[in-house]
Amino acid sequence: MYRSGIGYDIHRTQTGRPLVLGGVRIDSPLGLEGHSDADVVMHALCDALLGAAGLGDIGEHFSDSDPANKDADSRRFLVEVVRLVRAAGFEPVNVDVMILAEQPRLKPHKAAMRANLAEILGLAESAVNIKAGTNEKLDAIGELRGMACLATAMVKVS
Ligand code: MG
Numbered sequence: 002m003y004r005s006g007i008g009y010d011i012h013r014t015q016t017g018r019p020l021v022l023g024g025v026r027i028d029s030p031l032g033l034e035g036h037s038d039a040d041v042v043m044h045a046l047c048d049a050l051l052g053a054a055g056l057g058d059i060g061e062h063f064s065d066s067d068p069a070n071k072d073a074d075s076r077r078f079l080v081e082v083v084r085l086v087r088a089a090g091f092e093p094v095n096v097d098v099m100i101l102a103e104q105p106r107l108k109p110h111k112a113a114m115r116a117n118l119a120e121i122l123g124l125a126e127s128a129v130n131i132k133a134g135t136n137e138k139l140d141a142i143g144e145l146r147g148m149a150c151l152a153t154a155m156v157k158v159s
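First residue of the sequence shown: 2, per this note's numbering; consecutive thereafter.
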């Protein structure tokens with residue numbers, strides 16, 4: 002049996018903060034504000050997987066007021082979510098990730114993100130898709146005030 006889940010995350014941009022997307026540190030004058038490393042890709046993907054497995058949302062599992070999560074490397078959230086998904090009797094099948102950021106250009110970083118996610122998820126890279134686009138200068142994302150990510154995940158009963 003297959004099940005699907007959806008995830009979304011958005012963080013405000015902040016000058017001088019690191020920009021980490023899909024576990025890849027990207028050289029950029031604009032980073033993302035947040036309690037953790039603000040990796041919207043990891044956060045959206047965690048929610049997609051939790052949703053597919055019927056396990057709630059990321060906020061229920063990782064508190065954004067917990068000092069242990071301050072500036073946390075969000076890869077460890079995804080590692081833990083994969084563990085929870087497996088413990089609930091599911092195995093990831095494929096994920097699709099859509100990043101929305103006006104700047105910087107993300108194309109040169111998509112392969113590294115894909116490799117990171119595939120490794121954590123235990124999937125072939127062909128089962129991990131990364132898409133990146135701008136918001137055509139529209140709204141908060143287009144005005145460089147934030148970056149967002151949408152993700153879907155498919156899991157199967159293991
Ligand atoms: Mg987040």
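For every residue, glycine included, the Cβ atom is placed at its ideal position computed from N, Cα and C.
Values in this document were obtained by computation on a predicted structure and should not be read as measured data.
With a Cβ-Cβ cutoff of 7 Å, do residue i and residue j count as a contact?
i	j	result
residue 48	residue 38	no
residue 41	residue 12	yes
residue 151	residue 9	yes
residue 115	residue 129	yes
Suppose you measure from the CA of residue i to the CA of residue j; what does that come to, to the nearest Å?
i	j	result
residue 103	residue 33	13 Å
residue 92	residue 31	36 Å
residue 86	residue 155	11 Å
residue 160	residue 101	Any question about residue 160 goes unanswered here, given that the chain covers just 2 to 159.
residue 83	residue 159	13 Å
residue 138	residue 23	23 Å
residue 145	residue 14	7 Å
Out of the options, point me to the one whose CA is closest to residue i's CA.
i	options	result
residue 126	150, 135, 113, 91	113
residue 99	89, 45, 138, 128	45
residue 107	2, 16, 7, 27	27
Starting from the C-beta of residue i, find all residues in its chain whose C-beta is less than 7 Å away, skip the five residues before and the five after it, and write them out in chain order.
i	result
residue 72	37, 38
Give me, in chain order, the residues of the same chain whose beta-carbon lies closer than 6 Å to that of residue i; leave out the 5 immediate sequence neighbours on both sides.
i	result
residue 4	53, 156
Review point. Which residues count as close to ligand 1 when the rule is a CB under 5 Å from any of its heavy atoms, in chain order?
Key: 10, 44
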